[in-house]
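K.L.:
This is the structure I want to talk about, given as structure tokens.
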Amino acid sequence: IFDGGSLEHIFNVPTALGNMMNMLRIGGCLMTSVPANNWLGHGFYQFGPELPFRVFTPANGFKLHAVFLPVMTGRDFQLLQIPDTGAFGARGEIGRTATYTLLMFIAEKVTQVVPFLRWPQQRDYESVWNDPNASHQDSMVITNLNFEPERLSIARRMFRRVKALIRP
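First residue of the sequence shown: 16, per our numbering; consecutive thereafter.
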């Protein structure tokens with residue numbers, strides 16, 4: 016399933032994600048491009064990397080292959096892979112961007128389960144919710160990006176490159 020810019024226009028994001036997750040066969044991939052920054056007014060939402068890292072988990076039947084930010088370099092782009100800073104108990108903030116920023120991710124369905132039997136939680140709060148004596152970690156700023164925007168018309172080309180990275 017390829018979503019090149021619909022999710023931000025759907026008010027009930029968990030239902031939309033659940034429907035896409037249920038539509039896939041085992042071995043199928045969901046490739047998504049969503050607005051991450053400077054798209055105010057474009058849709059209902061802008062998304063951060065915490066969403067794919069907490070939603071596309073083994074508990075929901077998925078393996079998350081990668082989360083990317085496309086960074087424009089002249090007329091081409093590079094795919095900046097975003098790490099899961101939540102695995103270290105910190106919030107992964109991308110930092111300020113001068114122009115439109117997309118978040119792209121690819122996840123593969125590995126088992127058939129009912130998604131969201133347990134709602135995803137933001138990882139840096141999980142330890143605090145589970146242990147009232149734990150303290151909240153500071154944010155980790157991944158990068159401060161300044162690049163020219165490239166419209167969604169190149170999303171398919173980007174995902175072909177991403178797919179080649181995970182399935183040569």
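Beta carbons: idealized from backbone N, C-alpha and C, even for Gly.
For Gln-61 and Ala-51, which I take to be in contact (beta-carbon distance under 8 Å), what is that distance rounded to the nearest angstrom?
P.N.:
Start at 1 with the first residue of the sequence shown, and residue 61 comes out as number 46. Start at 1 with the first residue of the sequence shown, and residue 51 comes out as number 36. Right, their Cβ atoms sit about 6 Å apart.
K.L.:
List the endpoints of the continuous alpha helix (DSSP H) containing Val-49.
P.N.:
By 1-based counting over the sequence shown, the position of residue 49 is 34. Where Val-49 is concerned, there is no enclosing alpha helix (DSSP H), although the beta strand (DSSP E) it sits in stretches over 44-52.
K.L.:
Compute the Euclidean distance between the alpha carbons of Gly-19 and Glu-141, then round it to the nearest angstrom.
P.N.:
If you number the sequence shown from 1, residue 19 lands on position 4. If you number the sequence shown from 1, residue 141 lands on position 126. Answer to the nearest angstrom: the Cα atoms are 30 Å apart.
K.L.:
Report back the beta-carbon spacing between Thr-126 and Gly-76 to the nearest angstrom; my notes put them in contact at under 8 Å.
P.N.:
Counting from one through the sequence shown, the residue named residue 126 turns up at place 111. Counting from one through the sequence shown, the residue named residue 76 turns up at place 61. Yes, Thr-126 and Gly-76 are in contact; Cβ-Cβ is about 4 Å, under 8 Å.
K.L.:
Do Pro-3 and Leu-84 have their C-beta atoms closer together than 7 Å?
P.N.:
Since the displayed the chain opens at 16 and closes at 183, residue 3 lies outside it and no answer follows.
K.L.:
Is it buried or exposed, Ile-41, if we count other Cβ atoms within 10 angstroms and call 16 or more buried?
P.N.:
Your numbering for residue 41 matches position 26 in the sequence shown. Exposed, since its Cβ has fewer than 16 Cβ neighbours within 10 Å.
K.L.:
Does DSSP put Asp-91 in a helix, a strand or coil?
P.N.:
Working through the sequence shown from its first residue, we reach residue 91 at position 76. Note: Asp-91 maps to strand in three-state DSSP.
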